[in-house]
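For the sequence shown, our numbering begins at 1314 and goes up steadily by one.
Even for Gly, the Cβ is constructed at its ideal location relative to N, Cα and C.
To start, the structure itself, in structure tokens.
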Amino acid sequence: MSFKTVITNLPEIIAVILAIVYLLLAVKQNIWCWTAWIISSCLYCYIMYSVGLYMESGLQVFYIVMGFYGWSQWSKAKPESVYEVFTWTPIQHILSILLIFFLTVSSGYLLDRFTEAALPFWDALTTWGAIVTTYMVAKKVLENWVYWFVIDLISVFLFASRELYLTAFLFFSYLFIIVIGYRSWNRIRLNNV
């Protein structure tokens, strides 16, 4: 990789590093994960817009707001509840999946019809799925890790199709960290039952 290529890809390189830092800190339920999340999201907002993934670019604005929300939620936790992890009922999951599906079809249609967006339905699916899942992370819902696994698996192919190979690799590596995160949070949940 030439120096010029590194400089051109510098925003993506930094965003990838911070995204990994975020996830590793989130697994440990370290509040500093939200700082890495916010900075990475700022960089990805620019990156995604520049490759025509408009929903993903807009998602980054949401991520920035949720980063502050997540920080506030985690900072309010009482010391004895810092590691409390919750689960959702099957009805909550069905409603969440239906919401993601409805929003995906609606916004995918609008993007396809009125913009030059790349892969509008896949872009919409990963975006709306990530929005719901981010809320789950902020509320410490265990199943967020399962949602992330599906979203990130789809994202690997989405980002590779736009030649964002570092980001595609990041999301591929997330799949392994997600398994670790699920096990860690589930162990905490079981210990608190």
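- In this structure, DSSP gives V1334 a helical state, which the three-state scheme calls helix.
- Take I1467, set aside five residues on each side of it, and the residues of its chain with a beta-carbon closer than 7 Å to its own are W1435, L1438, T1439, in chain order.
- Pairing W1461 with I1491, the inter-Cα distance amounts to about 7 Å.
- S1388 is classed as exposed because its beta carbon has fewer than 16 other beta carbons within 10 Å across all chains shown.
- Residue pairing of V1454 in beta bridges, as defined by DSSP: F1399.
- If you check the CB distance, Y1359 and P1324 come in under 8 Å.
- Along the length of the segment 1456-1503, whole beta strand (DSSP E) runs at least 3 residues long do not occur.
- DSSP places Q1342 outside both helix and strand once states are collapsed to three, so it counts as coil.
- Taking 8 Å as the cut-off, the beta carbon of G1371 is found no closer than this to the beta carbon of V1450.
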